[in-house]
Amino acid sequence: MELDKGDDLPGELKYVQYEHSLEARYLPAIRALISKDLSEPYSIYVYRYFLCQWAHLCFMALNPVDCSLVGVIVCKLEVHAAHSTPTRRGYIAMLAVASPYRGHGVATELVKKAIEAMASRKADEIVLETEETNVPAMRLYERLGFLRSKKLHRYYLNGNSAYRLVLLLRSISPDHNPDPYDEQVS
Ligand SMILES: CC(C)(COP(=O)(O)OP(=O)(O)OC[C@H]1O[C@@H](n2cnc3c(N)ncnc32)[C@H](O)[C@@H]1OP(=O)(O)O)[C@@H](O)C(=O)NCCC(=O)NCCS
164 MELDKGDDLP GELKYVQYEH SLEARYLPAI RALISKDLSE PYSIYVYRYF
214 LCQWAHLCFM ALNPVDCSLV GVIVCKLEVH AAHSTPTRRG YIAMLAVASP
264 YRGHGVATEL VKKAIEAMAS RKADEIVLET EETNVPAMRL YERLGFLRSK
314 KLHRYYLNGN SAYRLVLLLR SISPDHNPDP YDEQVS
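Below is the structure:
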């Protein structure tokens with residue numbers, strides 16, 4: 164099904180929090196949707212690492228007619244203790260929307276739900292990396308208030324560079340390095 168930007172979605176999409184009982188039904192679809200646009204495919208262990216520990220920070224958009232997967236966001240939230248003041252750092256690890264559904268606000272809704280879930284668990288900040296050439300993703304995140312904190316040269320295996328983006332949810336103490344992502348997540 165191809166939708167144009169002005170077209171309505173097929174009814175209200177359902178936004179559902181992932182849970183372990185949904186693994187058999189949705190993990191294959193999540194992997195397929197995410198790996199489609201990845202320069203480096205992730206193994207099943209990477210998906211399970213996130214989904215088993217932070218199911219409450221993963222949201223799916225489902226087609227209301229057949230409950231097929233339309234979009235997904237996968238995140239984690241950990242205490243980052245490398246500084247004198249530990250911070251609670253959310254991380255958006257994966258985000259994808261099936262191409263026929265893009266441009267209708269699905270990713271915006273998924274990111275907002277993830278921000279809300281991390282904010283309600285007292286995240287101080289949310290970070291992520293995205294390819295500098297990924298204009299739709301950069302526009303989406305910057306529209307939601309994320310700021311570019313660092314350029315990561317040749318970050319991906321394909322040689323492309325990335326930007327690290329950060330959304331500050333609370334003021335962080337001055338002795339906190341503003342770009343301290345020294346331990347790599349994911
Ligand atoms: C990046 C990606 C997730 C964006 O998904 P999306 O669902 O198309 O994103 P949105 O619809 O929320 O936002 C895209 C545009 O639609 C517009 N839009 C938002 N709500 C809308 C609505 N209700 N109706 C029509 N358009 C809408 C947005 O304003 C936005 O426009 P702009 O940013 O060009 O100004 C998607 O392109 C994708 O899956 N790409 C491949 C994977 C990827 O790159 N992931 C990100 C890795 S960090």
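Just so you know, the numbering used here puts 277 at position 114 of the sequence shown, and the rest follows in order with no gaps.
Glycine included, C-beta positions come from ideal geometry on N, C-alpha and C.
Bear in mind that the values here come from a model prediction, so they are computed numbers and not experimental data.
Query                                                                                                                                      : Result
Mapping DSSP to helix, strand and coil, what is residue 248?                                                                               : coil
At a cut-off of 8 Å, would you count residue 323 as near ligand 1, judging by its Cβ distance to the nearest heavy atom?                   : no
What's the gap between the Cα of residue 223 and the Cα of residue 249?                                                                    : 30 Å
Taking 9 Å as the cut-off, decide whether the C-beta atoms of residue 277 and residue 289 are in contact.                                  : yes
With DSSP as the reference, please indicate the residues paired to residue 243 in a beta bridge.                                           : 250
Between 325, 311, 221, which has its C-alpha nearest residue 317's C-alpha?                                                                : 325
Does the structure place the segment 174 to 189 close enough to the segment 213 to 231 that three or more beta carbon pairs sit under 8 Å? : yes
Measuring from the CB of residue 250, is there a heavy atom of ligand 1 at a distance below 8 Å?                                           : no
Is residue 274 helix, strand or coil when you go by DSSP?                                                                                  : helix
Please state the DSSP three-state secondary structure of residue 213.                                                                      : helix
Name the residue from 231, 331, 323 whose alpha carbon lies nearest to the alpha carbon of residue 310.                                    : 331
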